[in-house]
Amino acid sequence: MPVKRSFLSRTLLALLCGIAAFIALGIWGEYATLKANYQKLESHLLQTAQAVGQHVDDSVELAELAIATIEAEIDENRNGEDRLVELRKVMRQQQQWADRLEGIVYIDKMGGIVVASTSPKISAINVSDRDYFIHHKNSVSLGTYIGPPIRNRVNGEWAISVSRRINGPNGSFEGVVLASIKLGHLLEFFSRFDVGADGSILLARGDGLVLARLPFPEKVLGNRMPADDPFVKILQDPDPHAQRFLSKVDGTVRLAASYQSPRSGVLIAASASEWEMIADWMARAKWRWMFGIFMVALACILTIRWRTQAELRAESEAKLHQRDEEFQLIAEASADLIEKLSMDGTRQYVSSSAQRILGRNPEDLVGTNIFKEIESAQARHAAEIWKKLEAGEAVSRVQYSMERLDGKVLWLDTSISPLKDPKGNVSGFVAITRDVTRQKAMQDELDILANTDALTGLANRRAFDIRFESLFREAEEEAKPLSLLMIDADCFKQYNDSYGHSAGDDCLKAIAAAVSGSLRATDLAARYGGEEIAILLPGTGEASAALVAEKIRRRIERLGIRHEANRPWGRVTISIGIGSFEGQALDPPLLFAKADSALYEAKRRGRNRTLLASTLSADSFASTG
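Take the sequence shown: its position 261, counted from the start at 1, is 261 in full-length UniProt numbering, and no numbers get skipped.
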């Protein structure tokens with residue numbers, strides 16, 4: 001009997017120890033699962049904040065491009081008779097290209113609206129009380145200013161103001177150009193990200209001023225969060241890990257991750273309810289708990305069987321847990337291409353989005369090197385990425401083009417983040433790639449609009465100045481000749497007076513078309529002002545420039561456009577002044593002075609002719625030079 005009791009005692013003790021060990025194992029497993037859920041939520045919030053930040057940056061860039069275009073139009077037609085009509089036309093074109101903009105407005109120095117892309121009735125509104133107007137009036141900075149949210153005084157819609165100061169010719173304050181981003185568009189984009197029923201996404205300036213929030217309580221818009229607000233510390237904390245805080249807006253305990261845009265400086269915080277995550281974990285865990293109870297009951301009968309099963313289950317859970325940790329960073333998002341890379345850039349995992357974006361099976365990409373692909377498209381960018389990663393930067397971003405197997409050319413935007421082991425050493429990288437072909441095309445089209453004269457289709461003054469600077473450096477470095485033609489339509493004011501400005505516009509278009517058809521692909525013709533056209537002829541000496549000028553003059557004359565006031569020809573003609581640098585020291589102002597002096601001398605001698613600056617005396621342009 002004592003032996004039996006001893007056996008029973010030992011068996012009971014072993015059973016109790018087994019049950020205790022199983023319970024401990026179950027608790028450890030649930031803790032590990034809960035910790036994995038925290039890590040998964042943290043990773044999701046970080047990626048959400050980055051994605052929202054990139055979209056906000058894109059929106060701000062669209063607004064800045066629109067503002068730059070309006071600034072160029074204002075500078076070119078500052079004294080034009082139809083400048084407001086033309087300016088509103090350009091504004092409407094810009095808003096059509098960027099539908100996320102609420103409106104584009106040009107405001108004078110008194111706060112009155114000069115012209116807007118929306119209804120003309122808005123011109124009766126004065127905005128001198130707006131934050132952005134006060135800022136630009138008191139600050140001489142010409143940089144872009146992102147102001148607090150504003151409510152449209154016509155339609156009542158909320159928008160975020162992006163504005164820039166406009167100076168007059170003497171540098172004084174002349175007004176403001178404003179391009180406002182629809183707040184509704186940003187909130188709709190925020191809603192695409194799953195942060196749970198009690199989650200939130202916040203957009204703020206670097207000084208803590210709230211620009212947007214989802215959910216959308218209007219009372220928080222435009223407020224600056226106090227410095228002691230725990231959420232401000234999260235926004236400004238460089239630590240990329242999610243942090244726990246109690247919201248002062250609705251009293252909800254949340255986990256939040258933040259991201260600050262290096263381009264626009266705005267701060268984005270994505271947060272999710274901690275309790276909502278725990279409740280989801282508990283809903284999934286109850287089945288595991290029921291299974292544990294069943295296993296405990298089974299362990300009371302089959303201790304040895306239980307021990308074997310417990311060991312197998314622990315080993316299985318450890319393997320699944322390890323796989324989950326490795327997969328969480330690369331399989332989180334489905335819209336973008338997610339890749340896990342080795343230290344040398346070799347792909348170890350490729351998500352299924354490769355088929356949709358690159359037109360290739362993920363299995364075919366595993367084992368290939370992403371850095372070699374980037375280097376073949378953008379060698380300079382590949383080198384920059386390595387420098388940034390070696391310097392310890394968290395994210396390196398590159399935009400490059402590549403050709404798919406079906407011949408389609410794509411523009412891709414890739415962000416590369418380092419993976420670190422438990423000791424903090426970099427063990428690999430995660431690459432997130434987006435197809436930005438459409439956005440790139442829109443940006444290129446906006447660039448073309450910003451550098452093209454709307455009436456003639458020639459380059460505008462801004463594009464001319466940029467191209468002239470480039471050609472001047474090239475001519476100086478490589479000792480190449482450079483020629484400038486200055487063209488002016490003869491008696492053009494009388495043409496407008498006789499036939500009207502609409503006919504004058506048509507005449508300028510015809511002249512521009514004839515000029516363009518007479519040039520090489522490397523030449524540049526630009527509307528320099530009014531009826532004046534400037535032509536740059538790189539690699540062209542004086543003799544060849546004179547031939548080109550005469551070819552253009554004859555071509556305009558052969559158009560046969562009626563012009564009774566232009567005697568003795570009775571049709572539209574032009575005069576051309578030719579300035580060249582060929583084998584002598586380059587001086588840009590002197591080149592302009594030569595061509596301009598030759599033009600006016602050609603007009604003085606009777607018009608409808610070309611004239612070389614070299615035939616004039618040096619006194620005629622020395623003072624200008």
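Glycine included, every Cβ here is placed at the ideal spot set by N, Cα and C. The structure presented is a predicted model; accordingly, all values stated were derived computationally and were not measured.
Within-9 Å CB hit, residue i to chain C
i	result
Phe294	Looking at the structure shown, chain C is missing, and only one protein chain is on hand.
Test item: CB-CB of residue i and residue j under 9 Å
i	j	result
Tyr259	Leu41	no
Ser353	Ile338	yes
Ile181	Leu101	yes
Leu612	Ala546	yes
Gly103	Ala159	yes
Phe245	Thr48	no
Ile416	Val430	yes
Asp108	Gly171	no
Ile146	Leu202	no
Leu267	Arg205	yes
Met290	Phe22	no
Ser191	Ala270	no
Ile533	Asp488	yes
Asp523	Leu536	yes
Strand pairing of residue i, partner residues [DSSP]
i	result
Trp158	Arg151
Tyr145	Ser163
Phe173	Asn167
Ala272	Leu255
Gly577	Met486 and Leu611
Lys340	Tyr349 and Val430
Gly112	Asn126
Pro538	Leu482
Thr452	Ala459
Ile107	Ile113 and Val176
Gln260	Leu267
Arg558	DSSP, once it has assigned bridges, lists no residue as partnering Arg558.
Glu403	Val409
Phe245	Arg254
Arg224	Leu209
Leu591	Paired residue(s): none; Leu591 is not in a bridge.
Leu214	Ile201
Arg78	Answer is none; Arg78 lacks a bridge partner.
Any non-hydrogen atom of the ligand NAD closer than 8 Å to residue i Cβ
i	result
Ile104	Among the ligands in the structure shown, none appear at all, so the ligand NAD cannot be discussed.
Residues near residue i in its chain [Cβ-Cβ closer than 8 Å; skip 5 each side]
i	result
residue 630	Outside the shown range of the chain (1 to 625) lies residue 630, about which nothing can therefore be said.
Ser518	Val548, Lys551, Ile552 and Arg555
Asn77	Arg83, Glu86 and Leu87
Val366	Arg347, Gln348, Tyr349 and Val350
Ser141	Arg165
Residues of its chain near residue i, where Cβ-Cβ distance is below 6 Å and the 5 sequence neighbours each way are ignored
i	result
Glu73	Leu87 and Val90
Trp411	Ser401, Val436, Thr437 and Lys440
His563	Tyr495, Arg571 and Val572
Arg153	Ile125
Arg263	Asp57
Rounded straight-line distance, which links the Cα of residue j to that of residue i
i	j	result
Val115	Asn460	22 Å
Asn538	Ile466	First, the amino acid is wrong: residue 538 is Pro here, not Asn. About 14 Å.
Thr610	Asp75	30 Å
Val436	Trp97	16 Å
Ala543	Ile578	10 Å
Asp99	Leu214	21 Å
Leu419	Ser342	10 Å
Asn79	Ser580	31 Å
Thr368	Asp58	31 Å
Ala272	Glu474	56 Å
Tyr528	Ser483	16 Å
Gly196	Asn37	14 Å
Asp453	Ala503	18 Å
Arg607	Ala598	11 Å
Gly500	Phe468	33 Å
Val220	Ser43	27 Å
Glu477	Arg360	46 Å
Asp281	Arg434	It should be pointed out that residue 281 corresponds to Trp in this sequence rather than to Asp. So the alpha carbons of these two residues sit roughly 31 Å apart.
Ala179	Val105	7 Å
Arg288	Asp198	26 Å
Asp129	Gly208	22 Å
Leu298	Ile19	10 Å
Leu485	Ala595	6 Å
Phe216	His55	19 Å
Beta-carbon proximity list for residue i, same chain, < 7 Å, skipping 5 on both sides
i	result
Thr615	none
Lys137	Phe173
- Would you mind listing the beta strand (DSSP E) stretches within the region 485-535 that are 3+ residues and don't spill past its ends, in chain order? Within the region 485-535, the complete beta strand (DSSP E) runs of at least 3 residues are 524-529.
*asked:* Suppose only complete runs of 3+ residues qualify. What are the beta strand (DSSP E) ranges in the region 173-211, listed by chain order?
replied: 173-182 and 200-204
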